[in-house]
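Please read the structure below before turning to the comments.
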Amino acid sequence: MKRSPRDDLLLITLLALILALAAGIRFYALGSQSLWSDEGNSAALAARSLGQIARDASGDIHPPLYYWLLSLWTRYFGNSELALRSLSAIFGVVLVWVIAELGRRLFSPITGLAAGFIAALAPFQVYYSQEARMYMLLALEAALAMLLFWHYLKAHEDGEKPRIRFIIGGLLVVTWIAGLYTHYFFPVIIALQTLLFLIWLWLDRATHDAWRRLLQWAALVGLAGLAFLPWALPAYRQIASWPAPPDRPDLLTGVAAVFAELTVGPASLLRGAKWGPWIVGLLAVIGAAAWPVKAEPEARATRVLRYLVTPAWALIPALALLALGLYREAYLKFLLISSPAVSLLLARAVVGPASWLQAREQRATATESGSSSAAQFLIPLWIVVSLALVGGVSGAALYRYFTNPAAFRDDYRGIARFIMATGHPGDAIVLDAPGQLEVFDYYYDGDLPVYALPRQRPLDPAATAEDLQKLLDHEKLYAIYWGAPEADPDGVIANWLDTRGYKTLDQWRGDVRMTVYVMPEQRPPDEQQADLDLRFGDDIALVDYQGWNLAPAAGEVTQMQFKWRALQSPENRYKVFVQLLDPRDQVVAQLDAEPGGGSRPTNTWQAGDEIVDNHGLLIPPGTPPGSYRRIVGLYDIETLERLQLPDGADHLALPPITVSRSTTPPALEALQMQHPDRFDFGGISLLGHDRYKRGFGHAPETPLNPGELLHLALYWQANVQPRADWWMDLTLTDRGGMIVSQLQAPLAGETYPTRVWDQNEIVRGDHDLLLPADLAPGQYRLSLTLLPDFDTPAGTAYLGEIEVKAP
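For reference, each letter of the sequence shown is one residue, going 1 to 807 in my numbering.
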């Protein structure tokens with residue numbers, strides 16, 4: 001039955017709404033996250049001429065087409081994060097339309113709309129639509145190739161004129177050529193379509209000239225190969241010389257990872273919906289069934305292929321990835337060429353069973369053996385439930401992607417800003433893996449020298465040792481590690497820095513790690529305690545201690561060197577902790593690391609070994625001036641249990657240090673606030689805060705349990721010269737507004753009241769809030785009220801939700 005113009009208008013309107021949804025999601029916060037390393041390479045290549053791009057791409061693992069397109073794009077729209085990524089976002093929106101059209105052509109208009117809606121929300125596609133790389137172009141080319149492939153088969157079956165078949169075949173060849181010049185995994189699509197064509201040809205062999213059609217197909221493939229021939233030698237050279245992935249995982253692990261990538265997307269999104277792949281996978285299996293299709297009469301070969309295309313498209317590229325030994329988490333994004341098939345399978349799972357129910361009820365009604373009441377209830381119920389399931393899985397993954405820092409891309413922008421805020425003349429930057437240079441240069445606008453090491457692959461030990469020796473001339477080093485297993489598989493650079501430098505900061509920002517080292521002082525220690533022979537537990541003794549810079553200003557580093565001796569071979573791994581405590585025993589600063597900067601784990605020690613262990617404790621910017629205690633100890637990495645000294649103490653007290661006020665307020669980037677939410681209270685502003693379980697500043701995601709201490713580091717700024725002692729009222733309330741814990745205290749403690757602050761001074765205040773032992777698990781509201789006096793509050797700030805776990 002033909003559709004009415006009204007029906008066509010409705011379908012077009014719904015498709016437009018779906019495309020608008022796809023565009024809204026893909027362009028939402030498009031430039032908010034930092035470029036990561038490979039995106040930095042894209043930005044650098046796009047800034048070059050088309051000829052230079054071709055020359056540079058010949059030494060890369062990717063062909064040049066995407067970089068050519070990006071170069072032309074940025075000439076008109078600039079090279080901001082938004083501009084660089086917007087090309088992929090557009091590819092992603094067009095891909096949604098192609099998927100909807102494929103669903104319409106293969107199955108039905110309703111299936112096409114369902115497929116488009118599912119693709120619009122697909123986390124896998126959204127993630128890479130917001131990345132300045134070639135993967136969305138690859139997925140679009142694969143989908144276009146499959147749409148043209150279907151038109152090509154139908155043109156033959158329907159007896160279209162040779163000119164029409166020639167045009168469709170030509171467009172298919174052009175799409176293949178574009179795919180070949182986009183990514184080296186695209187030949188899998190050509191191989192898949194060739195396999196499907198041979199199946200179609202075999203099934204239709206009795207009614208048409210099979211040999212003529214086979215020769216025509218071979219000519220199309222040959223034309224694509226001939227067009228790629230100029231690039232064949234660079235392609236072979238790069239594919240043959242590119243480092244092989246690590247050892248293959250077991251089959252179950254590989255299949256599970258591929259399954260999760262296809263259904264939910266990158267692993268960082270999976271953690272937001274662990275149950276998602278099972279739901280989506282079950283629906284995909286349902287969608288692979290041969291549900292009825294309303295279509296005009298057609299040949300058996302085309303009818304069979306109609307059901308075979310989608311599951312084969314979803315499955316064969318994944319099998320090829322595993323069979324070719326390409327399994328690696330970073331390579332799973334190649335499977336974007338299969339993502340349209342997953343959307344189509346899910347759409348068939350939504351519409352197919354409903355079509356079957358409808359057809360069954362229509363037959364029953366025609367024979368007067370039943371009624372349509374069951375179908376009228378079950379059909380909309382199934383469509384709503386299945387779409388809700390798919391939407392729920394996608395929504396959970398997308399919510400994590402847009403809101404959870406753990407799912408964000410590598411934060412080179414934040415790293416560069418931190419270095420520009422804290423670096424001084426005499427410091428230097430080390431990029432462990434020179435491939436980071438492009439993205440780092442994109443953000444870094446400072447004057448510090450940059451060492452990109454090692455200078456070549458494989459690493460040259462003699463040349464690298466010479467380069468590392470130059471680093472001793474600098475006072476402080478910012479080391480940025482990314483892709484180290486390929487650039488420096490033996491950890492030569494990291495081990496050199498760990499054993500010679502005093503590590504003050506070690507943090508991950510996505511998959512990139514930033515470590516800050518203070519280099520050794522070229523003078524005798526300010527204090528030294530030799531022949532200590534203090535036993536920690538049964539296996540380890542502290543032999544010697546040396547210290548430098550015992551009167552640091554806020555934002556500076558105090559350096560400590562410990563010498564440990566193995567009394568016997570420890571079986572467990574222990575971390576060394578160093579804490580800075582104020583007069584209220586608040587943990588103002590803490591450093592936790594395995595000995596030797598992580599290079600000498602205790603379970604590798606042998607009896608009699610002596611290990612020199614350097615630690616640099618950063619005095620946080622804004623720390624109030626005064627005297628502070630230092631303690632050092634060791635704890636088991638697994639149990640967190642501290643080793644005890646013979647007197648029963650679980651730490652050693654070192655001589656106190658005196659912290660002075662910084663002469664200039666620190667830049668906001670130097671504070672590295674966990675929650676940079678500003679609240680103005682007139683004369684004083686709260687710039688932001690950190691919060692975590694006491695003693696776990698190095699692991700702020702550690703769960704909180706009843707009876708434990710919630711530690712808060714509050715960052716204040718005096719907008720004027722304070723004339724009174726301001727206090728704060730910190731409260732934790734339940735959902736009903738009842739206070740479950742409360743603390744009233746001066747903003748930075750009694751020893752540094754606000755009346756001695758200077759105008760514009762930034763001050764850090766550390767406080768502990770006790771969680772009652774009988775507190776029920778759940779979400780609690782953390783609020784802060786500022787009190788310039790006890791009669792008139794200056795205002796209240798809502799600091800967020802605190803989750804308390806069951807013990």
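Every residue gets a Cβ at the ideal spot worked out from N, C-alpha and C, and that includes glycine.
Cβ shell of residue i (< 6 Å), same chain only, five flanking positions each side left out
| i | result |
| --- | --- |
| F536 | L634, L643 |
| A54 | P64 |
| Y798 | S783 |
| M1 | The predicted position of M1 is uncertain, since its pLDDT is 49 and thus under 50; no value can be drawn from it. |
| P107 | Reading the sequence as shown, one finds Phe at residue 107 and not Pro. Same-chain partners within the cutoff: V293. |
| G481 | According to the sequence shown, residue 481 is Tyr rather than Gly. These residues qualify, in order along the chain: D432, R513. |
| G555 | P621, S662, P666 |
| L137 | Y66, F91, T182 |
| A806 | P777 |
| W217 | F197 |
| S58 | P234 |
| R629 | L581, P656 |
| Q579 | V587, Q590, I631 |
| V450 | I429 |
| F124 | G265, S339 |
| I25 | V126 |
| P625 | V659, S660, R661 |
Cβ-Cβ separation, residue j to residue i (assumed contact under 8 Å), whole Å
| i | j | result |
| --- | --- | --- |
| E803 | L668 | Not really, about 27 Å apart at Cβ, beyond 8 Å. |
| V188 | L144 | Actually they do not touch by this definition, with Cβ atoms about 15 Å apart. |
| F681 | G795 | 5 Å |
| D725 | R678 | So it is not a contact: roughly 22 Å between Cβ atoms. |
| E261 | A132 | Rounded, the Cβ-Cβ distance is 20 Å, inconsistent with contact. |
| D758 | Q721 | 7 Å |
| Y135 | L269 | About 15 Å; that fails the 8 Å criterion. |
| A47 | N79 | 7 Å |
| L84 | S71 | The pair is not a contact, with the Cβ atoms about 11 Å apart (cut-off 8 Å). |
| R573 | G510 | That belief does not hold up - the Cβ atoms of R573 and G510 are roughly 26 Å apart, past 8 Å. |
| S599 | D498 | 4 Å |
| L448 | D467 | The pair is not a contact, with the Cβ atoms about 16 Å apart (cut-off 8 Å). |
Identity of the residues DSSP links to residue i by a beta bridge
| i | result |
| --- | --- |
| A289 | DSSP, once it has assigned bridges, lists no residue as partnering A289. |
| E486 | In the DSSP output, where bridge partners are listed per residue, E486 has none listed. |
| E610 | R565 |
| W716 | L686, V763 |
| H183 | Note: H183 sits in no beta bridge, so no partner. |
| G795 | L786 |
| A339 | With the sequence shown as reference, residue 339 is identified as Ser, and Ala is not the correct amino acid for it. DSSP lists no partner for S339. |
| E803 | Q779 |
| S741 | L732 |
Same chain only: Cβ atoms within 8 Å of residue i, ignoring 5 sequence neighbours per side
| i | result |
| --- | --- |
| I12 | none |
| L196 | F149, L305, L308, V309, A312 |
| L472 | R500, M519, P520 |
Residue i Cβ short of 6 Å to the ligand FMN heavy atom set
| i | result |
| --- | --- |
| F166 | As presented, the structure is devoid of all ligands, the ligand FMN included, so that no description of it is given. |
Same chain, Cβ closer than 7 Å to residue i, five either side skipped, listed in chain order
| i | result |
| --- | --- |
| P706 | L771, P772, A773, D774, L775, V804, P807 |
| K333 | Y128, Y135 |
| I168 | L148, H151, Y152, A155 |
| L140 | F91, V94, L95, V98 |
**Item:** In chain order, each beta strand (DSSP E) run of at least 3 residues that lies wholly inside the region 526-602
**Value:** Counting only runs of 3 or more, we get 527-529, 534-536, 540-548, 557-566, 574-581, 587-593.
**Within the region 52-108, ranges of the alpha helix (DSSP H) (whole runs, at least 4 residues)** = With a minimum length of 4 residues, the continuous alpha helix (DSSP H) runs that stay inside the region 52-108 are 65-77, 81-106.
**Request:** Taking 8 Å as the threshold, find out whether the region 678-692 comes into contact with the region 565-574 through three or more Cβ pairs.
**Result:** No: fewer than three Cβ pairs fall under 8 Å.
**Request:** Kindly confirm or deny that the region 505-523 and the region 460-477 touch, where touching means at least three C-beta pairs closer than 8 Å.
**Result:** These segments touch.
**Asked** Which runs of the beta strand (DSSP E) fall wholly inside the region 611-689 and span at least 3 residues, in chain order?
**Response** 626-636, 652-659, all fully within the region 611-689.
**Item:** Length-filtered (4 minimum) alpha helix (DSSP H) runs lying within the region 385-472
**Value:** Those alpha helix (DSSP H) runs which fall completely within the region 385-472 and span 4+ residues are 412-422, 437-443, 461-470.
**Request:** For the region 32-42 and the region 437-456, state whether three or more C-beta atom pairs, one from each stretch, are separated by less than 8 Å.
**Result:** Short answer: they touch.
**Asked** Given 8 Å as the limit, is there contact between the region 315-324 and the region 377-386, that is, 3 or more CB pairs closer than that?
**Response** No, because fewer than three Cβ pairs between the region 315-324 and the region 377-386 fall closer than 8 Å, the two stretches do not touch.
**Request:** Taking only runs that begin and end inside the region 487-526, name each unbroken alpha helix (DSSP H) of 4 or more residues, in chain order.
**Result:** As summarised for the region 487-526, the continuous alpha helix (DSSP H) elements at least 4 residues long and confined to that stretch are 492-500, given in chain order.
**Request:** Would you list, in sequence order, the uninterrupted alpha helix (DSSP H) runs of no fewer than 4 residues that lie entirely inside the region 124-172?
**Result:** You should have 135-157.
**Asked** Between the region 336-347 and the region 108-124, are three or more C-beta pairs nearer than 8 Å?
**Response** Contact between the region 336-347 and the region 108-124 is present, with at least three C-beta pairs closer than 8 Å.
**Prompt:** Where are the alpha helix (DSSP H) runs, 4 residues long or more, that stay fully inside the region 10-51, in chain order?
**Reply:** Within the region 10-51, the complete alpha helix (DSSP H) runs of at least 4 residues are 37-46.
**Contact between the region 416-436 and the region 669-676 (3+ Cβ pairs under 8 Å)** = Flag = yes, the region 416-436 and the region 669-676 touch.
**Message:** Check whether the region 118-125 and the region 155-165 are in contact - that is, three or more C-beta pairs closer than 8 Å.
**Reply:** No, because fewer than three Cβ pairs between the region 118-125 and the region 155-165 fall closer than 8 Å, the two stretches do not touch.
**Asked** If we count Cβ pairs, one from each stretch, closer than 8 Å, do we get three or more for the region 538-552 versus the region 575-593?
**Response** The region 538-552 makes no contact with the region 575-593, as fewer than three CB pairs between them are under 8 Å.
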